[in-house]
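K.L.:
Residue numbers (the working numbering), protein chains in the order written: chain W, 84 to 254; chain E, 3 to 169.
1) Using the Cα positions of residue 146 of chain W and residue 85 of chain W, report the straight-line distance between them to the nearest angstrom.
2) Output needed for residue 151 of chain E: all residues of its chain with C-beta closer than 6 Å, excluding positions within five of it in sequence on either side, in chain order.
3) What residue does the beta strand (DSSP E) around residue 130 of chain E start on, and which one ends it?
4) Use the C-beta contact count for residue 234 of chain W: other C-beta atoms within 10 angstroms, 16 or more gives buried, fewer gives exposed.
5) Would you mind stating whether residue 168 of chain W and residue 179 of chain W have Cβ atoms separated by less than 8 Å?
6) Per DSSP, what kind of secondary structure is residue 148 of chain E in: helix, strand or coil?
7) Determine, using beta carbons only, whether residue 59 of chain E and residue 70 of chain E come nearer to each other than 8 Å.
8) Using alpha carbons as the reference points, say which of W:127, W:131, W:104 lies closest to residue 210 of chain W.
9) Is it true that the CB of residue 172 of chain W sits closer than 8 Å to the CB of residue 243 of chain W?
10) Shortest alpha-carbon distance to residue 133 of chain E belongs to which of E:119, E:120, E:88?
11) In this structure, how does DSSP classify residue 147 of chain W when only helix, strand and coil are distinguished?
12) Looking only at DSSP bridge pairs, what is residue 77 of chain E linked to?
13) Bridge partners of residue 128 of chain W, per DSSP?
14) Which residue marks the beginning of the beta strand (DSSP E) containing residue 31 of chain E, and which one marks its end?
15) Is it true that the CB of residue 109 of chain E sits closer than 8 Å to the CB of residue 67 of chain E?
16) Ignoring anything shorter than 4 residues, give me the alpha helix (DSSP H) runs that lie fully in the region 138-195 of chain W, in order along the chain.
17) Beta-carbon separation of residue 215 of chain W and residue 105 of chain E under 8 Å?
18) Thinking C-alpha only, which one of E:93, E:148, E:72 is nearest residue 38 of chain E?
19) If the cut is a Cβ gap below 9 Å, which residues of chain E does residue 142 of chain W touch?
20) Taking DSSP as the reference, what is the three-state secondary structure of residue 243 of chain W?
21) Distance, Cα to Cα, residue 160 of chain W vs residue 195 of chain W?
22) What in chain E is Cβ-close to residue 213 of chain W, meaning under 8 Å?
23) Just to confirm before moving on: does the CB-CB distance between residue 192 of chain W and residue 139 of chain W stay below 8 Å?
24) If you draw a straight line from the C-alpha of residue 23 of chain E to the C-alpha of residue 29 of chain E, how long is it?
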C-alpha cells in the first residue's frame, strides 16, 4: 500500500468515541512535567511548560475535547504533544502569543492530551466525509472527517481550526 | 336474452369497470411510526431500513435536534430527533428509520414502527396551513379517525441548513 493511501495519526481513545490527529500537525511528544499556570490565558490555554530552555504555551486539548464532545475520562492528560507554530495559520499563531502571552515561545506550542494516545496508521478509505448538509459548518470548526469503527466512532480533527475557534470563543 | 347471459354480461362489465378504476387510482404506501404518544408517517419509498439498538454518537456545534451520528454499515448517518424539533424534548430511544435521500445520509429517531398502510392518493388530506410546523409535512392520512401527518424529508434538511447558516 502506498503512503499516499495512508493516514498516520495520533489515536486518542475515549469511552465511545476516538479522536484522530494527523501526525503532520505534531512534531514530537514528551511527558508532562514542569507545568506552570499562566496569567491572562484563555479557558483551555492557561498553562506553560519549560522545555529545553524555552517556555511553551500549553493548550489543554484533552479538556477541550471532553467539554466539546461531552466526554468523561479518568485517564490523566500527561502526554504533551509539541506542534511547530509554522504548521498553524497566521491568525491562530497571533492569537496564541498576543497580550499577556507575549513571553511564550513563538516557534512551538504544547498540547496536553491523554496518556492513552497512540500512533496508528489508517487507510484513507476508512475515513468517511461528513454529511453534506453539515460538512462545511463542521470543517470550519475543526471536524474534518468521520472514522466509524465497530465499537467506536471517530472524528479526524484539524488542530488549527479547533484551537483558533477555542481562542476566538474565549475572546 | 337469458338471465344467465345478462348476469354474465353484467359481471364482465363490472369487472372491466373495476379494472378501469384501479388503473386511474394511484395507491401509496406509508410507514406509520410513533414518537412517544404522537404518530407520524413517511412515504415508504423514503425509508431504506428500520434499525434497532443503535449507538448514537454526539456531534458538537449542531442544533439539539441533531442527536448525533449513527454508524450504519460503516457510513455516518445524521440522526434527527423529531420530538426535540417539534416539542423541545429529547426522545429516549435507539430505534432509527434510515431514510433514502439523494441529498444526504440521514436517519430519524423514533419510538416504534406502528404499521405499514396503503392509501389511495385521493384519500390523502392536503395541508394548506402556512404555519411554522406544517412546513415539515406534505399531507395527512386519516387512520381510523386519527389524523397522521406525513413527514417531508427535504424539509428537515432545509431546516438544518437554515439553522447552521444562522449559527
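Every residue, glycine too, gets a C-beta built ideally from N, C-alpha and C.
If you're wondering where the values come from, they're calculated on a predicted model, not measured in any experiment.
P.N.:
In short:
1) Here the alpha carbons of residue 85 of chain W and residue 146 of chain W stand approximately 35 Å from one another.
2) Once the five neighbours on either side are set aside, the close Cβ partners of residue 151 of chain E are 42, 139, 142.
3) Looking at the DSSP string, residue 130 of chain E is not in any beta strand (DSSP E), and its letter there is neither H nor E.
4) So residue 234 of chain W counts as exposed.
5) Contact: yes.
6) Strand at residue 148 of chain E.
7) Closer than 8 Å, so yes.
8) Ranking the options by Cα distance to residue 210 of chain W, first place goes to W:104.
9) Contact flag set, yes.
10) Nearest C-alpha to residue 133 of chain E: E:88.
11) Here residue 147 of chain W carries a helix assignment [DSSP, helix/strand/coil].
12) In DSSP, residue 77 of chain E forms a bridge with E:74.
13) Residue pairing by DSSP places residue 128 of chain W opposite W:125 in a beta bridge.
14) Note, residue 31 of chain E: beta strand (DSSP E), 29-37.
15) No, the pair does not count as a contact, with Cβ atoms beyond the cut-off.
16) Qualifying alpha helix (DSSP H) stretches, in chain order: 144-151, 173-179.
17) With respect to the 8 Å criterion, residue 215 of chain W and residue 105 of chain E are classified as neighbours on the basis of their beta carbons.
18) It is E:93 whose Cα lies nearest to the Cα of residue 38 of chain E.
19) For residue 142 of chain W, none of the residues of chain E pass the 9 Å Cβ criterion, the least Cβ distance being about 17 Å.
20) Shown here, residue 243 of chain W sits in a helix according to DSSP, grouped into three states.
21) Each residue's Cα considered, the two are about 6 Å apart.
22) The answer, in chain order, is 78.
23) For residue 192 of chain W and residue 139 of chain W, yes; Cβs fall inside 8 Å.
24) With a pLDDT of 49 at residue 23 of chain E, under the threshold of 50, the predicted position of this residue should be treated as unreliable, though the coordinate-derived value follows. Residue 23 of chain E and residue 29 of chain E have their C-alpha atoms roughly 11 Å apart.
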